[in-house]
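**Q**
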Amino acid sequence: MMAPPAIRVQCRDFTFFSLHFRKEADARDVYDTIRCLTCKVANVEKLYAFSFRSPEPERAIGGWKIYDPRREFKRMGISAKDSDKGWRITEINNDYQAR
Numbered sequence: 069m070m071a072p073p074a075i076r077v078q079c080r081d082f083t084f085f086s087l088h089f090r091k092e093a094d095a096r097d098v099y100d101t102i103r104c105l106t107c108k109v110a111n112v113e114k115l116y117a118f119s120f121r122s123p124e125p126e127r128a129i130g131g132w133k134i135y136d137p138r139r140e141f142k143r144m145g146i147s148a149k150d151s152d153k154g155w156r157i158t159e160i161n162n163d164y165q166a167r
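At position 53 of the sequence shown the residue is numbered 121 (my numbering), and the sequence of numbers has no breaks.
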């Protein structure tokens, strides 16, 4: 009996994870998609980080209205007083226009 089709991914920190599929065709589709979105892209805008568009219900939520980095840092025990430890919050690129 053959093992089910799988894709084993090695991350840059050398952790591994496996994706298992019922059909060879599904594994091939996922492999091709991962490869297409991660390898040797001629145009940076075609990378997943730039080309992905979340579904409309997700866009309507507005993640930055939910996530508050200052509150999250405080929850983790990081404060503005910890700048001597390498942590600080800046507004330098608040509008995402820095180049």
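We put the CB at the ideal spot given by N, CA and C, even for glycine.
As the structure is a computational prediction, the values presented were derived from the model and not from experiment.
Which same chain residues end up closer than 7 Å to R76 when comparing Cβ atoms and leaving out the 5 residues on each side of it in sequence?
**A** F84 and S86
**Q** Please report the straight-line C-alpha distance between Y164 and D81, rounded to a whole angstrom.
**A** 28 Å
**Q** How long is the line joining the alpha carbons of A74 and R156, rounded to whole angstroms?
**A** One Cα belongs to A74, the other to R156, and the distance between them is close to 42 Å.
**Q** Tell me the start and end of each unbroken beta strand (DSSP E) in the stretch 79–125 that is at least 3 residues and wholly inside, in chain order.
**A** 84–88, all fully within the stretch 79–125.
**Q** Can you name, in chain order, every residue of its own chain whose Cβ lies under 7 Å from the Cβ of A117, other than the five neighbours on each side?
**A** Within the same chain, A117 has no close Cβ partners at all.
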